Amino acid sequence: MRFFIPQDTSALACGAEAVAQALLDANIEPVRNGSRGMFWLEPLLEVETAQGRIGFGPVSDKDVATILKALESDASSHDLYLGAVDEIEYLASQQRLTYTRAGLGDPLCLENYQALDGFNGLKRALTMSPQQIVDEIKNSGLRGRGGAAFPAGIKWQTVLDAGATDSQKYIVCNADEGDSGTFADRLLMESDPYQLIEGMVIAGLAVGATQGYIYLRSEYPVAHRLLNTAIEKAMEANFLGDNIGQSGKSFYLEVRLGAGAYICGEETSLLESLEGKRGMVRAKPPLPAIEGLFGQPTVVNNVLTLAAVSTILAQGAKTYQDFGMGRSRGTLAIQLAGNIKRGGLIELAFGVTLREVVENYGQGTYSGRPIRAIQVGGPLGAFLPESQWDTPLDYEAFAAIKAMIGHGGIVVFDDSADMAAQARFSMEFCVEESCGKCTPCRIGSVRGVEVIDRIVANEDRDNNMILLHDLCDTMEQGSLCAMGGMTPFPVRSALTHFAQDFTGAGKGDN
Ligand SMILES: Cc1cc2nc3c(=O)[nH]c(=O)nc-3n(C[C@H](O)[C@H](O)[C@H](O)COP(=O)(O)O)c2cc1C
Ligand code: SF4
1 MRFFIPQDTS ALACGAEAVA QALLDANIEP VRNGSRGMFW LEPLLEVETA
51 QGRIGFGPVS DKDVATILKA LESDASSHDL YLGAVDEIEY LASQQRLTYT
101 RAGLGDPLCL ENYQALDGFN GLKRALTMSP QQIVDEIKNS GLRGRGGAAF
151 PAGIKWQTVL DAGATDSQKY IVCNADEGDS GTFADRLLME SDPYQLIEGM
201 VIAGLAVGAT QGYIYLRSEY PVAHRLLNTA IEKAMEANFL GDNIGQSGKS
251 FYLEVRLGAG AYICGEETSL LESLEGKRGM VRAKPPLPAI EGLFGQPTVV
301 NNVLTLAAVS TILAQGAKTY QDFGMGRSRG TLAIQLAGNI KRGGLIELAF
351 GVTLREVVEN YGQGTYSGRP IRAIQVGGPL GAFLPESQWD TPLDYEAFAA
401 IKAMIGHGGI VVFDDSADMA AQARFSMEFC VEESCGKCTP CRIGSVRGVE
451 VIDRIVANED RDNNMILLHD LCDTMEQGSL CAMGGMTPFP VRSALTHFAQ
501 DFTGAGKGDN
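Under our numbering, the sequence shown is numbered contiguously, ending at residue 510.
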C-alpha cells in the first residue's frame with residue numbers, strides 16, 4: 001500500500017503536516033502529492049490499495065491510527081472513508097485538461113510527469129517551426145487566463161514578428177495571483193510545476209525567446225520552493241537550459257519574487273518590478289509584446305495560459321477547441337471561495353452557469369444561510385444578484401451584464417452580507433492598491449470611500465448619489481489601467497442590485 005498526503009499550501013493550512021508526521025511515526029513514508037482541489041476534504045489521505053486508490057478525509061493526525069486499523073480489515077467501515085477518489089462526484093464530473101496530473105503523485109518527480117504524458121507537448125513543439133507553434137495556439141482559441149482574455153496566439157504572433165531576428169526576447173509568467181478568492185495558479189504550481197515549465201519552454205520556442213521569468217507573489221513560499229527545485233531538475237534532465245533535447249534550442253528560466261502589491265499583477269507594473277523598479281503602471285503603447293522587459297519584445301502570460309499550452313501542443317488545437325462555448329474555448333479553472341460549503345478548484349468547459357457551480361459543486365453556503373451575492377473575477381468584479389446566476393461562464397456573456405470572469409475566482413456571500421460595506425471596501429481596496437500614477441484612481445477612490453460613507457449616513461443622499469455615479473464615470477473613463485477603471489464595477493453593481501443597503505437602515509433583502 002502507498003499513502004499520499006498533500007504538501008501544498010491549502011492542505012498544509014488544514015493540518016496535513018501533522019498527518020504526515022503521524023504516518024512517519026507509524027513507520028509509513030507517505031508520498032507528498034499536491035491537492036486534488038477538493039479543499040473541503042483536506043487533509044485528504046489517499047491510499048493505493050489492490051482495489052485502487054481510496055480516500056479518507058478530512059483527516060487529522062488523531063485519525064491515522066484508526067484508519068490504519070480499518071485498512072487491515074474493512075476500510076469502508078471508517079467514518080472518514082470516501083471510497084475511490086476518482087469517483088467522488090465533485091472530481092469525476094470535471095473536464096480536466098490542465099489539471100489532469102494535479103494531486104496524482106509527487107509534483108517534483110520527473111519520471112512520474114513523463115509517465116503521465118508530460119513533455120509530450122514540448123517534444124512535439126521541437127519538431128515544429130515557430131510559426132507552426134504560434135498557429136497551433138491561434139487555432140486552439142486559447143485566451144489569456146489572467147483576466148483580460150486576450151487571444152494568446154495573437155500576442156505570440158506579435159512577439160514572433162517583433163524586433164530583429166537576433167533580438168533578445170523574453171517569456172514572463174504572471175504568477176502574482178492577487179485576486180480575492182483565487183488559488184488556481186498556486187495549485188497548479190504546487191501540484192504540477194513541470195506543466196508550467198513545459199508551457200514556458202514551448203512559448204520560448206514559438207517566439208524565439210531564450211530567457212523566461214516567473215514573477216511569483218512572495219506569499220507563496222511553498223510554490224517558490226517547489227518551482228526552484230523543479231527548474232533545477234528540468235535543467236539536469238535537459239528539458240531546460242542549453243541545447244534542449246539536442247535540438248540546438250535553448251531556454252533558461254528563473255523565479256523572481258514580488259513584494260505584496262496587487263498592482264504588480266498588472267503586466268506593465270509587473271515588468272517595472274521585474275526590472276527592479278517601483279511597480280508603477282506604464283502607459284500603452286508600446287505594448288509589452290513590442291517593448292516589454294528591458295525594452296525587449298516580451299510575452300506576458302498568466303500561469304494557466306502557459307500551462308494550457310502544454311496540453312494544446314500535446315493533444316492538438318482541435319481537442320482543446322472542442323471544449324467551451326462561443327469565443328471562450330477550452331476549460332476554465334473555477335475557484336470556489338468565500339462563504340461556501342465545498343470550496344475548491346473545479347475545471348470545466350466554458351458555458352456552465354454560475355448557479356450550477358455554486359449549487360451543485362459548492363452545495364450552498366458554509367453558514368447554511370441563503371446566498372445573497374456572488375462576486376466573480378476578483379476585487380474588480382461585479383456583485384451578482386440571484387437574477388444573474390444563470391449567466392453561462394463565457395467571457396462575452398459576462399461582459400454583456402457588465403461583469404467579468406477574470407481569473408475565474410468566485411466569492412460567495414450569504415444574506416448577512418452588507419453590500420454597501422462591500423462597495424465601500426472596493427473603493428478602499430483601490431485606495432490601498434492604486435499605484436498612484438493617475439488622478440481618477442489615486443484621488444477618486446479616496447473620495448469614493450467618503451461619498452459612500454455620506455450616503456450610508458443619509459447626508460444629502462440624492463446629491464451624493466449623483467456624485468458617486470459621476471465619480472464612477474470619471475474613474476471608468478479616465479484611469480490608465482483597469483485598477484481605477486474597473487473599481488466602479490463592484491460599486492455600481494451593489495448600488496443597482498442591493499440599493500436598500502445604502503439607505504443607512506442596514507442591509508435589506510431587496
Ligand atoms: C490591477 C490588475 C491586476 C492584475 N493582476 C493579475 C494577476 O495577478 N495575474 C495575472 O495573470 N494577470 C493579472 N492582471 C492581468 C495582466 O495585466 C495581464 O493581462 C495578464 O498577465 C496577461 O496574461 P494572459 O493574457 O495570459 O491573461 C492584472 C491586471 C490588472 C489591471
Ligand atoms: S488606474 Fe490606478 S493603478 Fe492604474 S495606473 Fe492609474 S493610478 Fe495606477
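Don't be surprised by glycine CBs; every beta carbon is placed ideally from N, CA and C.
Being a predicted model, the structure only gives us computed values, none of them experimental.
In the structure shown, what three-state DSSP assignment does residue i receive?
i, result
"M419", "helix"
"T311", "helix"
"R256", "strand"
"P151", "strand"
"D509", "Per-residue confidence for D509 stands at a pLDDT of 47, beneath the threshold of 50, marking its modelled position as unreliable; the derived number appears in the next sentence. In the structure shown, D509 sits in coil (DSSP, three-state: anything other than H, G, I, E or B)."
"T319", "helix"
"A16", "helix"
"Q511", "Lying outside 1 to 510, the shown extent of the chain, residue 511 is not represented and no answer is given."
"Y81", "strand"
"Q375", "strand"
"L306", "helix"
"L274", "helix"
"A400", "helix"
"I263", "helix"
"R143", "strand"
"I137", "helix"
Would you mind giving the Cβ-Cβ distance between residue i and residue j, rounded to the nearest angstrom? I have them listed as a contact below 8 angstroms.
i, j, result
"G409", "G377", "7 angstroms"
"T353", "T391", "7 angstroms"
"G212", "C173", "7 angstroms"
"G37", "A102", "7 angstroms"
"Q388", "A494", "13 angstroms between Cβ atoms; not a contact."
"A289", "S140", "About 19 angstroms separates the two Cβ atoms, so there is no contact after all."
"I54", "R32", "No, I54 and R32 are not in contact; Cβ-Cβ is about 18 angstroms, not under 8 angstroms."
"L97", "T311", "5 angstroms"
I'd like to check one pair, residue j with residue i: are the Cβ atoms closer than 8 angstroms?
i, j, result
"K249", "V207", "no"
"Q157", "A307", "no"
"L108", "A230", "yes"
"D394", "G351", "yes"
"A420", "F489", "no"
"E433", "M483", "yes"
"V222", "E254", "no"
"P58", "L71", "no"
"F119", "Y81", "no"
"G178", "R143", "no"
"C435", "V201", "no"
"L313", "R124", "yes"
"N301", "A203", "yes"
"L175", "Y215", "Leu is not the amino acid found at residue 175; the sequence shown has Ala there. Going by C-beta atoms, A175 is nearer than 8 angstroms to Y215."
"P30", "A18", "no"
"S35", "D8", "yes"
"M486", "L380", "yes"
Between residue i and ligand 2, is the CB less than 7 angstroms from at least one heavy atom?
i, result
"C441", "yes"
"S479", "yes"
"G436", "yes"
"G484", "yes"
"V281", "yes"
CB of residue i to nearest heavy atom of ligand 1: below 7 angstroms?
i, result
"R372", "no"
"I572", "Residue 572 cannot be examined here, being either before or after the span of the chain that is shown, 1 to 510."
"G181", "no"
"E266", "yes"
"E476", "no"
"F383", "no"
"F398", "no"
"T305", "yes"
"V64", "no"
"R329", "no"
"R256", "no"
"G212", "no"
"D460", "no"
"A50", "no"
"E291", "no"
"R145", "yes"
What does DSSP give as the partner residue(s) for residue i in the beta ladder?
i, result
"C173", "I214, N301"
"A333", "E347"
"I197", "DSSP, once it has assigned bridges, lists no residue as partnering I197."
"E48", "R2, R53"
"F251", "G241"
Please find out if some non-hydrogen atom of ligand 4 comes closer than 7 angstroms to the beta-carbon of residue i.
i, result
"V376", "Among the ligands in the structure shown, ligand 4 does not appear; only ligand 1 and ligand 2 can be found there."
Would you verify that the beta carbon of residue i is, or is not, closer than 8 angstroms to some beta carbon of chain D?
i, result
"Y215", "As a matter of chain content, chain D is missing from the structure shown, which is built from one protein chain."
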